[in-house]
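As structure tokens, the structure follows; a few thoughts come after it.
Numbering (this note's numbering), first residue to last: 5 to 224.
Take a look at the structure:
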């Protein structure tokens, strides 16, 4: 049995769902453009540079979820999928997922982006298992806080190993383990698997991949 892990943003997707969700809310008039657009861009640049403060970002990203009813958020998300997400789901990414699924590999999307945004995207890719940053809920509504360990940098390793333990498994349970990612932020988890794959990598990840002889591919 093999395990295939996929980062989502700028890996399976040719864009960033976290960033685009905020942009979508700005375009809908839900968030004030003057207040939120510059912050959204700044956080995105910090993420790409590997300097993101995850607590500050999650406060920015999750608080808007607490200001609106879940039913309305779900309706907005359907439009978000149509306008923003599906155009970022390319044929090469779909084919990669299909290859692993047809081989019988356990497939998991593991992403820092919150599970409200990403769960419908995982379903669209046909991937059953999702490990994401979890927004806290109370009585079915979002509180604006995070629940548990954010799935970011070393937190991805923590969340991944916790998920395996819940299934009575460990890394040794699999003959091969893949992780596909574009980002330097995923170096901790990339270093854990037997088959790390850099997908359209940022400059820092590309250097690491080339030094270590990791596979480098493009899904664009």
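Ideal Cβ placement from N, Cα and C applies to all residues, glycine included.
Rounded to whole angstroms, what is the Cα-Cα separation between residue 134 and residue 30? As a first step, residue 134 is located in the chain shown; it is residue number 130 there, counting from the start. As a first step, residue 30 is located in the chain shown; it is residue number 26 there, counting from the start. Distance between the alpha carbons of residue 134 and residue 30 is about 27 Å.
Applying the 10 Å Cβ sphere with the 16-neighbour rule, what's the burial state of residue 45? The residue labelled residue 45 in the question sits at position 41 within the chain shown. Exposed, by the Cβ-count rule.
Can you name, in chain order, every residue of its own chain whose Cβ lies under 7 Å from the Cβ of residue 69, other than the five neighbours on each side? As a working note, residue 69 is residue 65 in the chain shown. Within the same chain, residue 69 has close Cβ partners 77, 120, 139, 146 and 148.
Residues of its chain near residue 101, where Cβ-Cβ distance is below 6 Å and the 5 sequence neighbours each way are ignored: Here residue 101 corresponds to residue number 97 of the chain shown, with the count starting at 1. Only 129 meet the Cβ criterion.
Residue 47, DSSP secondary structure in three states: Along the chain shown, read from residue 1 onward, the residue named residue 47 stands at position 43. In the structure shown, residue 47 sits in a helix (DSSP, three-state: H, G or I).
Taking buried to mean at least 16 other C-beta atoms within 10 Å of its own C-beta, is residue 57 buried or exposed? Walking along the chain shown from the start, residue 57 turns up at place 53. So residue 57 counts as exposed.
What residue range does the alpha helix (DSSP H) around residue 215 cover? Position 211 of the chain shown, counting from 1, holds the residue named residue 215. Per DSSP, residue 215 belongs to the alpha helix (DSSP H) from 207–216.
When the distance is taken between beta carbons, is residue 35 closer than 8 Å to residue 21? As a first step, residue 21 must be located in the chain shown, where it is residue number 17. As a first step, residue 35 must be located in the chain shown, where it is residue number 31. Result no, Cβ atoms of residue 21 and residue 35 do not sit closer than 8 Å.
Candidates 13, 118, 9 and 7: closest to residue 224 by CA position: Position 220 of the chain shown holds residue 224. Answer by Cα proximity: 13.
Looking at the secondary structure, which residues open and close the alpha helix (DSSP H) in which residue 166 lies? Along the chain shown, one-based indexing puts residue 166 at 162. Note, residue 166: alpha helix (DSSP H), 158–170.
If you follow the beta strand (DSSP E) that residue 9 is part of, which residue opens it and which one closes it? Indexing the chain shown from 1 puts residue 9 at position 5. Per DSSP, the unbroken beta strand (DSSP E) holding residue 9 starts and ends at 7–10.
Grouping DSSP H, G and I as helix and E and B as strand, with all else coil, what is residue 72? Working through the chain shown from its first residue, we reach residue 72 at position 68. Coil, per DSSP.
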